[in-house]
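Q:
There are 2 protein chains.
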Amino acid sequence: MTYCVGLFLQEGLVLLSDTRTNAGVDNISCFSKQHLFHREGERAIVAMTAGNLAVSQAVINLIQDGLKHPETGKEETIFTVPSMFAAASLVGEAVRQAYRVHGRAMKEQGINFDVSILLGGQLADRTMRLFEVYAAGNFIAATEDTPYLQIGEHKYGKPILDRAVSVDTSLSEGVTLALLSMDSTLRSNLSVGMPLDLTVYRRDSLHLNDHWRFEEGNGYFQTIRERWSEALRGALREMPAPPFFS
Amino acid sequence: MTYCVGLFLQEGLVLLSDTRTNAGVDNISCFSKQHLFHREGERAIVAMTAGNLAVSQAVINLIQDGLKHPETGKEETIFTVPSMFAAASLVGEAVRQAYRVHGRAMKEQGINFDVSILLGGQLADRTMRLFEVYAAGNFIAATEDTPYLQIGEHKYGKPILDRAVSVDTSLSEGVTLALLSMDSTLRSNLSVGMPLDLTVYRRDSLHLNDHWRFEEGNGYFQTIRERWSEALRGALREMPAPPFFS
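If you read the sequences in order, they're chains A and B.
Residue 0 is where the first sequence starts when you use numbering that gives the first Met the number 0, and the numbers rise one by one after that.
Residue 0 is where the second sequence starts when you use numbering that gives the first Met the number 0, and the numbers rise one by one after that.
1. Which residue marks the beginning of the alpha helix (DSSP H) containing Q56/B, and which one marks its end?
2. Starting from E39/B, follow the alpha helix (DSSP H) in both directions and report where the run begins and ends.
3. Closer than 7 Å between beta carbons: that is the criterion. Which residues of the segment 193 to 226 of chain A meet it against chain B?
4. With distances taken Cα to Cα, identify the nearest neighbour of N51/A among I150/A, T145/A and I44/A.
5. Could you work out which residue in P194/A, V24/A and A177/A is closest to M238/B when comparing CA atoms only?
6. What's the call for N188/B, buried or exposed, on a 16-neighbour Cβ count within 10 Å?
7. Please name the residue, chosen from F112/B, R201/B and S16/B, that lies closest to C29/B on a Cα-to-Cα basis.
8. For L247/B versus G5/B, is the C-beta spacing smaller than 7 Å?
9. Hey, would you say R202/B sits closer than 7 Å to G136/B, going by beta carbons?
10. Would you check if there are 3 or more beta carbon pairs closer than 8 Å linking the segment 73 to 87 of chain B to the segment 24 to 44 of chain B?
11. Less than 7 Å between C-beta atoms, sequence neighbours within five positions excluded: which residues of the same chain meet that for A140/A?
12. In three-state DSSP terms, what is R19/A?
13. CB G156/A to CB A43/A, shorter than 7 Å?
14. Under the rule that 16 or more other beta-carbon atoms within 10 Å means buried, what is I27/A, buried or exposed?
15. Measuring only between beta-carbons, confirm whether M0/B sits less than 7 Å from chain A.
16. Shortest alpha-carbon distance to D144/B belongs to which of A87/B, A163/B and H153/B?
17. Any idea what DSSP makes of T198/A, helix, strand or coil?
18. Once DSSP output is grouped into helix, strand and coil, what is the label at G120/B?
19. For a cutoff of 7 Å on Cβ pairs, would you count D167/B as touching chain A?
20. Report the neighbours of R162/A on chain B: residues whose CB is nearer than 8 Å to its CB, in chain order.
21. Can the beta-carbon of A87/B be found less than 7 Å from the beta-carbon of L118/B?
22. With a threshold of 8 Å on Cβ separation, who are the neighbours of S165/A within its own chain once the five nearest residues in sequence on each side are excluded?
23. Is there a Cβ of chain B sitting closer than 7 Å to that of S190/A, yes or no?
24. State the Cα-Cα distance for the pair N21/A and F243/A, rounded to the nearest angstrom.
25. Compare the C-beta of K67/B against all C-beta atoms of chain E and say whether one is closer than 7 Å.
26. Which two residues bound the contiguous beta strand (DSSP E) that contains F30/A?
27. Does DSSP put K154/B in a helix, a strand or coil?
28. In whole angstroms, what is the alpha-carbon distance linking I159/A and R224/B?
29. Inspect the beta-carbon positions of A93/A and V58/A and report whether they are closer than 7 Å.
30. How is T79/B classed by DSSP in three states: helix, strand or coil?
31. Hey, is Y147/B's beta-carbon within less than 7 Å of any beta-carbon in chain A?
32. Compare the C-beta of M238/B against all C-beta atoms of chain A and say whether one is closer than 7 Å.
33. Grab me the residues of E215/B's own chain with a C-beta within less than 6 Å of its C-beta, minus the 5 sequence neighbours each way, in chain order.
34. What's the call for G40/B, buried or exposed, on a 16-neighbour Cβ count within 10 Å?
35. In or out: H206/A buried (at least 16 other Cβ within 10 Å) or exposed?
36. In angstroms with no decimal places, state the Cα-to-Cα distance between E70/B and T168/B.
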């Protein structure tokens with residue numbers, strides 16, 4: 000399993016992913032699920048993947064190697080597409096190409112063709128976007144009304160986002176929130192695991208230099224995990240007792 | 000969908016369920032999922048059900064009408080079983096009986112035989128127990144290490160329980176916690192809905208009189224929903240900012 004979350008904020012993007020992959024609980028590995036495509040000042044694109052690892056890797060390879068545009072016939076890569084919308088279309092086309100090559104054989108082995116991708120970033124003189132691409136290659140964009148997208152094991156980490164994330168949330172608060180959402184997921188689902196990859200993109204910067212890896216025991220992550228648990232317990236003590244029960 | 004949660008505490012049991020059933024989003028109804036089997040001073044048993052409504056209702060009927068014990072051949076009902084363990088066995092047998100009658104025909108219509116039951120309570124001079132019965136009729140019991148069980152849409156409401164419930168939690172705190180866990184679920188999954196049914200059982204009391212229904216707009220539930228959201232937002236403001244990001 001996997002948990003990836005992307006926040007689409009006024010100030011920019013917060014993109015956080017775990018690194019655990021597993022083929023059963025007895026076969027656990029560490030793979031980064033975050034892929035950066037960066038040309039300083041020209042394009043800053045991040046893809047995060049969930050689902051079958053072979054499919055995810057095929058898609059990431061295909062968008063770098065290049066695919067023919069289904070209408071123009073022109074070969075395009077993640078480094079040549081002219082907009083984030085075109086980048087999402089390219090990723091969708093790569094997903095369909097992977098399905099054409101591997102889909103039937105996977106089905107014959109009883110394996111689901113299961114993949115989803117969060118794709119966030121910006122190109123020079125274009126709008127910053129955050130997309131979620133599905134296994135059918137179609138996609139949706141985050142908007143101001145729902146300024147976050149999640150893929151993989153999304154349920155445990157959703158309540159805190161539903162309550163606290165708005166498009167006005169600062170990048171700094173967004174980082175803390177994304178980490179707390181990840182913490183809830185890590186606590187409840189063993190198949191999501193450390194280390195974590197975090198990228199913060201500042202709107203209109205076209206830089207992708209704010210990138211960190213959080214290893215087990217990371218000081219800041221440890222601090223906010225503990226303080227959040229304490230704060231929740233404290234808040235609980237402050238709740239009024241049920242007046243109907245004594 | 001459904002959400003039911005049972006807390007197994009030193010002081011007793013807290014049992015909370017929603018009432019929404021749905022056959023698609025265009026066919027939503029209200030059914031209580033909480034069933035009380037009570038003989039004052041002799042037995043106090045509560046069953047909460049999730050899954051296919053026809054199967055759940057069949058099981059609840061069967062345990063009241065009576066089933067032959069598979070080994071002794073003796074007819075037993077939820078009012079004659081001698082212990083909570085025997086009650087869980089009876090519910091399991093009822094699930095298997097429902098499967099024998101309806102399982103194949105349901106499968107032919109493409110419908111899963113999907114049911115799970117939380118069964119809590121106590122009989123005179125016996126131990127208080129809380130069980131979860133699965134669709135195969137087998138079951139597990141809550142213990143001091145994991146003093147709660149959930150059925151139905153359990154993921155959204157789990158993080159708060161994982162962080163805050165222990166066997167020493169008081170019944171009054173348990174009520175608040177169960178309602179907050181339900182709140183997280185209601186916010187994120189439309190197929191879980193008000194009103195709510197709550198039963199609190201005090202260990203060794205053999206009474207089942209602490210039973211409430213929470214309608215939409217209930218004052219206490221409204222208050223703790225709002226105060227919990229405020230407390231979370233407040234706690235978030237108090238979190239230290241990520242020192243690596245400025």
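Ideal Cβ positions, reconstructed from N, Cα and C, are used throughout, including at glycine.
Bear in mind the structure is a predicted one, so any value in this text is a computation, not a measurement.
A: This is what the structure holds:
1. The sequence position of residue 56/B within the second sequence is 57, counting from 1. L52 to D64 is the extent of the alpha helix (DSSP H) around Q56/B.
2. On the second sequence, residue 39/B is found 40 positions in, with the first residue counted as 1. Where E39/B is concerned, there is no enclosing alpha helix (DSSP H), given that its DSSP letter is neither H nor E.
3. V199, D209, W211, Y219, T222, I223 and R226
4. Within the first sequence, the letter at position 52 stands for residue 51/A. Checked all of I150/A, T145/A and I44/A; the closest Cα to N51/A is I150/A.
5. One-based indexing of the second sequence puts residue 238/B at position 239. Closest option to M238/B, Cα to Cα, is A177/A.
6. The residue you call residue 188/B lines up with position 189 of the second sequence. By the 10 Å Cβ count, N188/B comes out buried.
7. For the purposes of this step, residue 29/B is taken as the residue at position 30 of the second sequence. Per the Cα distances, S16/B.
8. In the structure displayed, chain B extends from 0 to 245; residue 247/B sits before or after that span and is not available.
9. Taking the second sequence and counting its residues from 1, the one referred to as residue 202/B is at position 203. Taking the second sequence and counting its residues from 1, the one referred to as residue 136/B is at position 137. Cβ atoms of R202/B and G136/B: not closer than 7 Å.
10. yes
11. Along the first sequence, read from residue 1 onward, the residue named residue 140/A stands at position 141. So the qualifying residues of the chain are R128, L129 and F130.
12. As a position in the first sequence, residue 19/A is number 20, starting the count at 1. Three-state DSSP puts R19/A in a strand.
13. Counted from its first residue, the first sequence places residue 156/A at position 157. Counted from its first residue, the first sequence places residue 43/A at position 44. Contact flag unset, no.
14. By one-based count along the first sequence, residue 27/A stands at place 28. When all chains shown are included, I27/A counts as exposed.
15. As a working mapping, residue 0/B is identified with position 1 in the second sequence. No, M0/B lies away from the interface with chain A (no Cβ there is under 7 Å from its Cβ).
16. By one-based count along the second sequence, residue 144/B stands at place 145. The residue with the shortest Cα to Cα distance from D144/B is A163/B.
17. As a position in the first sequence, residue 198/A is number 199, starting the count at 1. It is a strand residue.
18. In the second sequence, the residue the question calls residue 120/B occupies position 121. Strand, per DSSP.
19. Stepping through the second sequence from its first residue, residue 167/B is reached at position 168. So no, D167/B is outside the interface.
20. Indexing the first sequence from 1 puts residue 162/A at position 163. Ordered by position in chain B, the residues that pass the 8 Å Cβ test against R162/A are R186, S228, L231 and R232.
21. As a first step, residue 87/B is located in the second sequence; it is residue number 88 there, counting from the start. As a first step, residue 118/B is located in the second sequence; it is residue number 119 there, counting from the start. Contact: yes.
22. Position 166 of the first sequence, counted from the first residue, corresponds to residue 165/A. P146.
23. As a working note, residue 190/A is residue 191 in the first sequence. By this cut-off, S190/A is not an interface position.
24. The residue you call residue 21/A lines up with position 22 of the first sequence. The residue you call residue 243/A lines up with position 244 of the first sequence. Approximately 48 Å, taken between the alpha carbons.
25. Protein chains in the displayed structure are A and B, and chain E is not among them.
26. As a first step, residue 30/A is located in the first sequence; it is residue number 31 there, counting from the start. Unbroken run through F30/A: none, as it is neither H nor E.
27. The residue you call residue 154/B lines up with position 155 of the second sequence. It is coil, neither helix nor strand.
28. The residue labelled residue 159/A in the question sits at position 160 within the first sequence. The residue labelled residue 224/B in the question sits at position 225 within the second sequence. Near 13 Å, if we compare the C-alpha coordinates of R224/B and I159/A.
29. Residue 93/A sits at position 94 when you count from the first residue of the first sequence. Residue 58/A sits at position 59 when you count from the first residue of the first sequence. Going by C-beta atoms, A93/A is nearer than 7 Å to V58/A.
30. Within the second sequence, residue 79/B is the residue found at index 80, counting from 1. If DSSP states are grouped into helix, strand and coil, T79/B belongs with coil.
31. Stepping through the second sequence from its first residue, residue 147/B is reached at position 148. So, not an interface residue.
32. Within the second sequence, the letter at position 239 stands for residue 238/B. By this cut-off, M238/B is an interface position.
33. By one-based count along the second sequence, residue 215/B stands at place 216. So the list reads M193, once near-sequence residues are dropped.
34. Along the second sequence, one-based indexing puts residue 40/B at 41. Counting Cβ neighbours within 10 Å, G40/B comes out exposed, since fewer than 16 surround it.
35. Numbered from 1 along the first sequence, position 207 holds the residue referred to as residue 206/A. It counts as exposed.
36. Taking the first residue of the second sequence as position 1, residue 70/B is located at position 71. Taking the first residue of the second sequence as position 1, residue 168/B is located at position 169. Each residue's alpha carbon lies about 40 Å from the other.
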